[in-house]
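Engineer:
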Amino acid sequence: MFAPFLALALFGALGWYLWQIPSSGGDWQQSSAQFTLCGEKGSGQCVIDGDTLAIGRRKVRLAGFDAPELDGTCEAERKLAQRAKAELRDWLNAAPYALDGGDDPPRDKYGRELRAARRLVDGKEQWLADHMIGAGLARDNGWGSGPARWCEGS
């Protein structure tokens, strides 16, 4: 009697899980470009904030996570945003990585390219979004994630 409900619940859970996995988004472009923090000398490739890059004149919003804002509403958010910005630079500079989206990636409402980033570590995929969320420097920005709570308890 409960078997149909159990099957439906399992099917729904599987669907939700698969929906949460970042998709390839198309062609992957390999890179080992080195990044600085924007505002420092010496690079046309820099990290703007914890989830946005400048590559020459291009702006790239990295997909799958949401980092705190540098001009956030409280000191705790602003400090975390600085840490996220530095961690993003360090992740990009640590080893070659790939950005998805090919030559014509989707764009957000600000005109920034939307791209996911990943690399292979010991033969396993490491997604930038998972790394930043796991480090406590970003949150999932998927369906149902609600508003960021960077300032709670500060």
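Taken in order, the sequence shown gives residues 1 to 154; the numbers are from this note's numbering.
Positions of the beta carbon are idealized from the N, C-alpha and C atoms, including for glycine.
Treat the numbers as computed from the prediction; the structure is a model and nothing was measured.
Can you say whether residue 137 is buried or exposed, counting buried as having 16 or more other CB atoms within 10 angstroms of its CB?
Structural biologist: Position 137 of the sequence shown, counted from the first residue, corresponds to residue 137. Classification of residue 137: buried, given that the 10 Å Cβ count is 16 or more.
Engineer: Please name the residue or residues paired with residue 82 in a DSSP beta bridge.
Structural biologist: The sequence position of residue 82 within the sequence shown is 82, counting from 1. Paired residues: none, contrary to the question.
Engineer: For my contact list, residue 87 and residue 132 are in at a C-beta cut-off of 8 Å; report their separation, rounded to the angstrom.
Structural biologist: Within the sequence shown, the letter at position 87 stands for residue 87. Within the sequence shown, the letter at position 132 stands for residue 132. Right, the Cβ-Cβ distance comes to about 7 Å (below 8 Å), so this counts as a contact.
Engineer: Check whether the Cβ atoms of residue 58 and residue 51 sit closer than 9 Å, and answer yes or no.
Structural biologist: As a first step, residue 58 must be located in the sequence shown, where it is residue number 58. As a first step, residue 51 must be located in the sequence shown, where it is residue number 51. Against a cut-off of 9 Å, the Cβ pair of residue 51 and residue 58 comes out as no contact.
Engineer: Taking just the CA atoms, how far does residue 84 sit from residue 134?
Structural biologist: Translated into positions along the sequence shown, residue 134 becomes position 134. Translated into positions along the sequence shown, residue 84 becomes position 84. Approximately 12 Å between the Cα atoms of the pair.
Engineer: Identify every run of the beta strand (DSSP E) within the region 73-124, keeping only runs that are complete inside it and at least 3 residues long; order them along the chain.
Structural biologist: The qualifying runs are 97-100, 113-115, 117-121.
Engineer: For residue 112, is the classification buried or exposed, using 16 other Cβ atoms within 10 angstroms of its Cβ as the cut-off for buried?
Structural biologist: Locating residue 112 in the sequence shown gives position 112, where the first residue counts as 1. So residue 112 counts as buried.
Engineer: Whose C-beta lies closer than 8 Å to the C-beta of residue 56 among residues of the same chain, with five residues either side of it excluded?
Structural biologist: Translated into the one-based positions of the sequence shown, residue 56 becomes position 56. So the list reads 44, 45, once near-sequence residues are dropped.
Engineer: Give me the Cα-Cα distance between residue 78 and residue 71, rounded to the nearest whole angstrom.
Structural biologist: Position 78 of the sequence shown, counting from 1, holds the residue named residue 78. Position 71 of the sequence shown, counting from 1, holds the residue named residue 71. The alpha-carbon atoms of residue 78 and residue 71 are separated by roughly 6 Å.
Engineer: Quick check: what's the CA-CA separation for residue 73 versus residue 106?
Structural biologist: For the purposes of this step, residue 73 is taken as the residue at position 73 of the sequence shown. For the purposes of this step, residue 106 is taken as the residue at position 106 of the sequence shown. Near 29 Å, if we compare the C-alpha coordinates of residue 106 and residue 73.
Engineer: Figure out for me which residue from 95, 33, 110 has the closest Cα to the Cα of residue 121.
Structural biologist: By 1-based counting over the sequence shown, the position of residue 121 is 121. For residue 121, the nearest C-alpha among the options comes from 95.
Engineer: Name the residue from 27, 47, 29 whose alpha carbon lies nearest to the alpha carbon of residue 35.
Structural biologist: Numbered from 1 along the sequence shown, position 35 holds the residue referred to as residue 35. The residue with the shortest Cα to Cα distance from residue 35 is 47.
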